[in-house]
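Note that the protein sequences, when read in sequence, are chains A and B.
Per my numbering, the very first residue in the first sequence carries number 18; after that it's consecutive.
Per my numbering, the very first residue in the second sequence carries number 320; after that it's consecutive.
Note that CB positions come from ideal geometry on N, CA and C, so glycine has one too.
Predicted model only: the values in this text are computed from it and were never measured.
What follows is one structure encoded as structure tokens, with my remarks underneath.
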Amino acid sequence: MRYKLNPHLAYRKIGEFLYAVDSKTSMLHKFNETAEIIFECIEKGYDIDKIVKKIVSEYEIEENVVRTDVEEIIEEMLEKNIIEIEK
Amino acid sequence: MDKISDELFWSTYKNRIPLYTIIELTYRCNLFCKHCYIPQYYRSKPELSTKKIFELIEEISSLGGLYLTFTGGEPFLRKDIFELINFAKQKKFYITVFTNGTLIDEDVVKKLKFFNVDRVEISIYGTKKVHNKFVGCNVFDKVVETIRLLKQENINVCLKTVITKENFKDYMFLKKLARNLGVVLKTDFVLSAKIDNDCSPFKLLLSDKDLENFIKKEKIKITAEYKNFNNFVCSAGMNIVSISPEGKVYPCIEFPYQLGNVFKENFTTIWQKNATQFVKKFFDIKKYKKCLSCNINMYCRRCPALCFIETSDIYGCSSVVKKVAKIYSLISM
Numbered sequence: 018m019r020y021k022l023n024p025h026l027a028y029r030k031i032g033e034f035l036y037a038v039d040s041k042t043s044m045l046h047k048f049n050e051t052a053e054i055i056f057e058c059i060e061k062g063y064d065i066d067k068i069v070k071k072i073v074s075e076y077e078i079e080e081n082v083v084r085t086d087v088e089e090i091i092e093e094m095l096e097k098n099i100i101e102i103e104k
Numbered sequence: 320m321d322k323i324s325d326e327l328f329w330s331t332y333k334n335r336i337p338l339y340t341i342i343e344l345t346y347r348c349n350l351f352c353k354h355c356y357i358p359q360y361y362r363s364k365p366e367l368s369t370k371k372i373f374e375l376i377e378e379i380s381s382l383g384g385l386y387l388t389f390t391g392g393e394p395f396l397r398k399d400i401f402e403l404i405n406f407a408k409q410k411k412f413y414i415t416v417f418t419n420g421t422l423i424d425e426d427v428v429k430k431l432k433f434f435n436v437d438r439v440e441i442s443i444y445g446t447k448k449v450h451n452k453f454v455g456c457n458v459f460d461k462v463v464e465t466i467r468l469l470k471q472e473n474i475n476v477c478l479k480t481v482i483t484k485e486n487f488k489d490y491m492f493l494k495k496l497a498r499n500l501g502v503v504l505k506t507d508f509v510l511s512a513k514i515d516n517d518c519s520p521f522k523l524l525l526s527d528k529d530l531e532n533f534i535k536k537e538k539i540k541i542t543a544e545y546k547n548f549n550n551f552v553c554s555a556g557m558n559i560v561s562i563s564p565e566g567k568v569y570p571c572i573e574f575p576y577q578l579g580n581v582f583k584e585n586f587t588t589i590w591q592k593n594a595t596q597f598v599k600k601f602f603d604i605k606k607y608k609k610c611l612s613c614n615i616n617m618y619c620r621r622c623p624a625l626c627f628i629e630t631s632d633i634y635g636c637s638s639v640v641k642k643v644a645k646i647y648s649l650i651s652m
């Protein structure tokens with residue numbers, strides 16, 4: 018399954034954190050480091066497998082642990098309308 | 320303000336990141352609003368080129384800017400307006416456009432939708448008769464049509480007005496109009512002098528009595544952050560910056576203290592060097608001696624820019640702001 022960013026998001030890395038504002042709801046979101054990586058991967062069009070692979074290769078964490086985290090964060094991003102499922 | 324917005328505001332304030340940028344694209348305008356801070360003879364002044372604005376947008380993005388407002392004059396008089404919006408959207412800015420709403424037809428609305436403009440703010444001053452007289456043109460019906468067109472396309476639109484002696488009786492009408500159109504109405508009642516220091520817009524200010532009655536009747540409340548003068552905050556040059564059509568950089572759109580010109584230095588240098596010197600020099604709370612000893616300072620929405628315009632002294636006292644503070648203090652008794 019592929020995802021894409023909500024087209025109504027404006028976003029910027031400001032200081033240490035990535036912030037994104039949704040113009041339809043005026044909701045401002047702040048991302049932690051892992052969420053930021055996932056956000057950037059989705060922006061590049063990566064699917065879950067590719068996102069997991071990237072994080073595993075960069076951070077040397079077990080794949081099943083990464084996958085669980087990535088799936089949880091993606092679920093949260095979908096709930097908050099930060100990302101959408103690409104049709 | 321929610322927790323994240325508050326945190327972002329303060330982190331950019333403390334670290335001096337230009338979170339909010341206003342670019343005045345042109346001094347040209349097709350209307351003649353009585354309170355406008357731009358003198359009419361400014362309309363023929365040169366403007367930033369498309370390329371120069373692209374460069375600015377790149378720099379502001381690199382510095383951490385997120386909210387970008389295009390204003391004028393009337394920004395839709397610029398033929399490259401959609402090129403600019405498109406470029407800024409590609410750089411992931413939240414784009415607001417301030418407009419008088421007279422040059423937006425169905426085609427323009429489609430383009431605004433296509434480029435995902437985040438917000439459009441439209442000025443409106445009263446009933447058809449009052450609005451048309453105030454702006455010097457017969458455009459009220461067109462403005463209302465524009466609001467409807469924008470709403471139809473689900474574009475985030477809000478109305479804004481300034482209360483003056485010519486339109487304060489129309490405030491209820493404006494509130495109803497906004498409600499009927501399904502949009503928010505933003506209201507202000509502090510006017511600014513023109514940028515050439517001409518104070519004639521102040522003639523439009525309500526009398527003390529009328530302003531007091533208006534604030535009482537409309538139950539307008541003072542916002543909490545101003546209730547303790549020691550916590551006085553001004554974002555000018557801290558996390559706000561404004562750029563004029565001539566490339567002059569100001570700490571905010573109302574503050575005629577030039578930090579630099581983007582044709583002489585790049586924006587990043589102006590922001591990091593000149594603006595830093597400006598805030599160090601000007602924003603020292605201990606220097607506000609008049610304010611610190613003023614018995615109504617807790618009601619004052621102090622604006623260093625208005626003080627500077629009126630008195631040429633950033634630590635001075637703006638009669639306009641003090642007038643409002645006095646009324647708040649009376650009401651609070």
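Under 8 Å from the C-beta of residue i: neighbouring residues of chain A
| i | result |
| --- | --- |
| glycine 383 of chain B | Arg29, Lys30, Ile31, Gly32 |
| isoleucine 423 of chain B | The contacting residues do not exist; isoleucine 423 of chain B stays about 18 Å from chain A at best. |
| tyrosine 332 of chain B | The premise fails here: tyrosine 332 of chain B is roughly 12 Å from chain A at the closest Cβ pair, so nothing lies under 8 Å. |
| lysine 411 of chain B | Leu26, Ala27, Tyr28, Arg29 |
CB of residue i within 8 Å of CB of residue j, strictly
| i | j | result |
| --- | --- | --- |
| isoleucine 99 of chain A | threonine 331 of chain B | no |
| isoleucine 423 of chain B | leucine 387 of chain B | no |
| serine 580 of chain B | lysine 567 of chain B | Note that residue 580 of chain B corresponds to asparagine in the displayed sequence, not to serine. Yes, the pair counts as a contact, with Cβ atoms nearer than the cut-off. |
| aspartate 515 of chain B | proline 358 of chain B | yes |
| phenylalanine 487 of chain B | leucine 525 of chain B | yes |
| leucine 644 of chain B | cysteine 619 of chain B | Per the sequence shown, the amino acid found at residue 644 of chain B is alanine instead of leucine. Closer than 8 Å, so yes. |
| proline 575 of chain B | alanine 555 of chain B | no |
| leucine 478 of chain B | isoleucine 441 of chain B | yes |
| phenylalanine 586 of chain B | glutamate 378 of chain B | yes |
| phenylalanine 602 of chain B | cysteine 636 of chain B | no |
| leucine 327 of chain B | leucine 45 of chain A | yes |
| phenylalanine 373 of chain B | lysine 408 of chain B | no |
| serine 511 of chain B | leucine 625 of chain B | yes |
| tyrosine 634 of chain B | lysine 606 of chain B | yes |
| isoleucine 90 of chain A | isoleucine 65 of chain A | no |
| aspartate 489 of chain B | valine 458 of chain B | no |
| isoleucine 443 of chain B | valine 462 of chain B | yes |
Sequence-distant residues of its chain with Cβ nearer than 8 Å to residue i (five each side left out)
| i | result |
| --- | --- |
| lysine 470 of chain B | Val476, Leu500, Gly501, Val502 |
| glutamate 452 of chain B | A quick correction: the sequence has lysine, not glutamate, at residue 452 of chain B. If we look at lysine 452 of chain B and ignore the five residues flanking it on each side, its Cβ neighbours are Glu485. |
| alanine 543 of chain B | Because alanine 543 of chain B carries a pLDDT of 41, less than 50, the predicted location of this residue cannot be relied on, and the following value inherits that uncertainty. Around alanine 543 of chain B: no qualifying Cβ. |
| glutamate 464 of chain B | none |
| phenylalanine 401 of chain B | Lys430, Phe434 |
| aspartate 527 of chain B | Lys642, Lys645, Ile646 |
Integer Cβ distance of residue i from residue j, believed to fall under 8 Å
| i | j | result |
| --- | --- | --- |
| leucine 396 of chain B | asparagine 349 of chain B | 7 Å |
| threonine 480 of chain B | leucine 504 of chain B | 7 Å |
| tryptophan 590 of chain B | proline 365 of chain B | Actually they do not touch by this definition, with Cβ atoms about 22 Å apart. |
| isoleucine 404 of chain B | valine 427 of chain B | Wrong, their Cβ atoms sit about 11 Å apart, outside the cutoff. |
| histidine 25 of chain A | lysine 41 of chain A | 5 Å |
| isoleucine 572 of chain B | isoleucine 323 of chain B | At roughly 26 Å, the Cβ-Cβ gap does not stay under 8 Å, so isoleucine 572 of chain B and isoleucine 323 of chain B are not in contact. |
| valine 87 of chain A | valine 73 of chain A | The pair is not a contact, with the Cβ atoms about 10 Å apart (cut-off 8 Å). |
Neighbour list for residue i in chain B, Cβ cutoff strictly below 7 Å
| i | result |
| --- | --- |
| tyrosine 20 of chain A | None at all; the shortest Cβ gap to chain B is about 17 Å. |
Neighbour list for residue i in chain B, Cβ cutoff strictly below 8 Å
| i | result |
| --- | --- |
| lysine 47 of chain A | Ile323, Glu326, Leu327 |
Interface residues of chain A facing residue i [CB-CB closer than 7 Å]
| i | result |
| --- | --- |
| asparagine 435 of chain B | Pro24, His25 |
| arginine 438 of chain B | Ser40 |
Chain A contact for residue i (CB, 8 Å cutoff)
| i | result |
| --- | --- |
| tyrosine 339 of chain B | no |
| isoleucine 336 of chain B | yes |
| asparagine 349 of chain B | no |
| asparagine 475 of chain B | yes |
| isoleucine 633 of chain B | no |
CB contact check: residue i to chain B, cutoff 8 Å
| i | result |
| --- | --- |
| tyrosine 36 of chain A | yes |
Neighbourhood of residue i by C-beta, 6 Å cutoff - its chain only, sequence neighbours within 5 removed
| i | result |
| --- | --- |
| phenylalanine 508 of chain B | Ile482 |
| lysine 70 of chain A | none |
| leucine 375 of chain B | Phe586 |
| threonine 346 of chain B | For clarity, residue 346 of chain B is tyrosine in the given sequence; the question names threonine instead. Ile357, Tyr361, Arg362, Lys364, Gly392, Pro564, listed in sequence order. |
| cysteine 352 of chain B | Val454 |
| threonine 506 of chain B | Thr480 |
| phenylalanine 582 of chain B | Gly566 |
| alanine 593 of chain B | The identity of residue 593 of chain B in the sequence shown is asparagine, whereas the question assumes alanine. Here the set comprises Leu578, Gly579. |
| leucine 35 of chain A | Phe48, Glu53 |
| phenylalanine 492 of chain B | Thr446 |
| serine 380 of chain B | Lys410 |
Beta-carbon proximity list for residue i, same chain, < 7 Å, skipping 5 on both sides
| i | result |
| --- | --- |
| leucine 367 of chain B | Pro564, Gly566 |
| threonine 418 of chain B | Glu393, Pro394, Phe395, Val439, Ile441 |
| aspartate 9 of chain A | Only positions 18 to 104 of chain A appear in this structure, which leaves residue 9 of chain A out of reach. |
| arginine 29 of chain A | Tyr36 |
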